[in-house]
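Asker: Residue numbering for the sequence shown follows the numbering used here, beginning at 17 and increasing consecutively.
The beta-carbon is built from N, C-alpha and C at its ideal position, and this holds for glycine as well.
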Amino acid sequence: MFIGNFAHHVEMAGMLPEALVCWQVGGYAYPTKSIYDRFIEAGDSVRRKSSILTESELSVYGGKLRNSVSGNSLPWSCAGFIRLKYGAWKDETSASTTAVQEVNYGTNLRVIRYADVLLMASEAFNKSGNDQLAISYLNLVRKRVGLSDLSVSGSALFDAIVKERQLELAFEGHRFQDLKRWGLAKRYYQSREN
17 MFIGNFAHHV EMAGMLPEAL VCWQVGGYAY PTKSIYDRFI EAGDSVRRKS SILTESELSV
77 YGGKLRNSVS GNSLPWSCAG FIRLKYGAWK DETSASTTAV QEVNYGTNLR VIRYADVLLM
137 ASEAFNKSGN DQLAISYLNL VRKRVGLSDL SVSGSALFDA IVKERQLELA FEGHRFQDLK
197 RWGLAKRYYQ SREN
């Protein structure tokens, strides 16, 4: 994982739903309105709900955002989204009184996933001109989450692969390297500054 730049965002400091804070910690893998909007635009409720909670969704579970030092006041603004992927709910942790909740739960951290392999293959076949095979791999990933098949080719297929990798692999540490590999990092980060 990347540690270095810092950003004010919501992070888990314990178990969901009550242990969420808005504080300054590592600037890696925090949800923004733009990634939330990408899920909504794609009609992708399956991956959105497994990756991001909104503040209002958190309140349904009895949780609320709080600052770790000053109770429930938030001394800086947050986007209002909570990263759920690879998080854990309190009832998923060890019942042992001696266990540390934050590290004793059944959520495995995946180093590589089948969907990532399919998307890498899709990208490779698209780059080599075999769009028929490329789209078939892309559609396998989409089908798993209930999205309809795409029927695009060429640069439109590449754009679909870029979008699919962003949504499928959200918060898993691939995005920056993907953008660099595609030569899109500079343009992407400059557009975020404006």
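#1: Please return the same chain residues whose Cβ sits closer than 6 Å to the Cβ of His190, not counting the five positions on each side in sequence.
#2: Using CA atoms only, rank isn't needed, just tell me which of Gly145, Asn146, Asp132 and Asp175 is closest to Leu156.
#3: May I ask which residues mark the beginning and end of the beta strand (DSSP E) holding Arg181?
#4: With a threshold of 7 Å (Cβ to nearest heavy atom), would Ala172 be considered close to the ligand MG?
#5: Any contact of the region 146-154 with the region 44-63, i.e. 3+ C-beta pairs under 8 Å?
#6: Rank Glu139, Gly96, Glu57 and Gly103 by C-alpha distance to the C-alpha of Ser6 and give the top, closest one.
#7: Would Leu154 and Leu166 be called neighbours here (beta carbons separated by less than 8 Å)?
#8: By the three-class DSSP mapping on this structure, what secondary structure does Leu200 have?
#9: So within the region 53-77, which uninterrupted alpha helix (DSSP H) runs reach at least 4 residues, ignoring any that extend past its ends?
#10: Decide if Tyr46 is buried, meaning its Cβ has at least 16 other Cβ atoms within 10 Å, or exposed.
#11: By a C-beta neighbour count over all protein chains shown, 10 Å radius and 16 as the cutoff for buried, is Asn124 buried or exposed?
#12: Just to confirm the assignment, what range does the alpha helix (DSSP H) spanning Ile98 have?
#13: I need the boundaries of the alpha helix (DSSP H) containing Glu188, first residue and last residue.
#14: How many angstroms separate the CA atom of Ala23 from the CA atom of Ala172?
#15: Please list, in chain order, all residues of the same chain as Leu100 whose beta carbon is under 7 Å from its beta carbon, the five residues on each side excluded.
#16: Alpha carbon to alpha carbon, what distance is there between Tyr130 and Ala186?
#17: Can you find the residues in the same chain that come closer than 7 Å, C-beta to C-beta, to Phe174, ignoring five residues on each side of it along the sequence?
Answerer: Per the coordinate set shown:
#1: Taking the sequence shown and counting its residues from 1, the one referred to as residue 190 is at position 174. The answer is none, since no qualifying residue turns up.
#2: Residue numbering aside, residue 156 sits at position 140 when the sequence shown is read from its first letter. Ranked by Cα distance from Leu156, the first of Gly145, Asn146, Asp132 and Asp175 is Asp132.
#3: Counting from one through the sequence shown, the residue named residue 181 turns up at place 165. It is not in any beta strand (DSSP E) - Arg181 instead sits in the alpha helix (DSSP H) that spans Gly170 to Glu184.
#4: Inclusion of the ligand MG in the displayed structure is not the case, the ligand content being empty and no account of it being possible.
#5: They do not touch, by the three-pair rule.
#6: Because the chain is modelled from 17 through 210, residue 6 falls outside the range shown and cannot be assessed.
#7: Residue numbering aside, residue 154 sits at position 138 when the sequence shown is read from its first letter. Residue numbering aside, residue 166 sits at position 150 when the sequence shown is read from its first letter. Yes, Cβ-Cβ distance for Leu154 and Leu166 is below 8 Å.
#8: Translated into positions along the sequence shown, residue 200 becomes position 184. Three-state DSSP puts Leu200 in coil, outside helix and strand.
#9: Taken in chain order, the complete alpha helix (DSSP H) segments of 4 residues or longer contained in the region 53-77 are 61-67 and 71-76.
#10: In the sequence shown, residue 46 corresponds to position 30, counting from 1. Tyr46 is buried by the Cβ-count criterion.
#11: Start at 1 with the first residue of the sequence shown, and residue 124 comes out as number 108. Asn124 comes out exposed.
#12: Along the sequence shown, read from residue 1 onward, the residue named residue 98 stands at position 82. Premise fails: Ile98 lies in the beta strand (DSSP E), Phe97 to Arg99, not in any alpha helix (DSSP H).
#13: The residue labelled residue 188 in the question sits at position 172 within the sequence shown. That residue, Glu188, is in no alpha helix (DSSP H); it is neither H nor E in DSSP.
#14: Sequence index remark: in the sequence shown, residue 23 carries index 7 (1-based). Sequence index remark: in the sequence shown, residue 172 carries index 156 (1-based). Residue placement at Ala23 is flagged as unreliable, the pLDDT there being 42, under the threshold of 50; the coordinate-derived value follows with that caveat. Straight through space, the alpha carbons of Ala172 and Ala23 are spaced by roughly 33 Å.
#15: Here residue 100 refers to the residue found at position 84 of the sequence shown. Here Leu100 has Ser66, Ser67, Ile68 and Leu69 as same chain residues with Cβ atoms under 7 Å from its own Cβ, once five neighbours each way along the sequence are excluded.
#16: Along the sequence shown, one-based indexing puts residue 186 at 170. Along the sequence shown, one-based indexing puts residue 130 at 114. C-alpha separation (whole angstroms): 15 Å.
#17: Residue mapping note: residue 174 aligns to position 158 of the sequence shown, counting from 1. Within the same chain, Phe174 has close Cβ partners Asn142.
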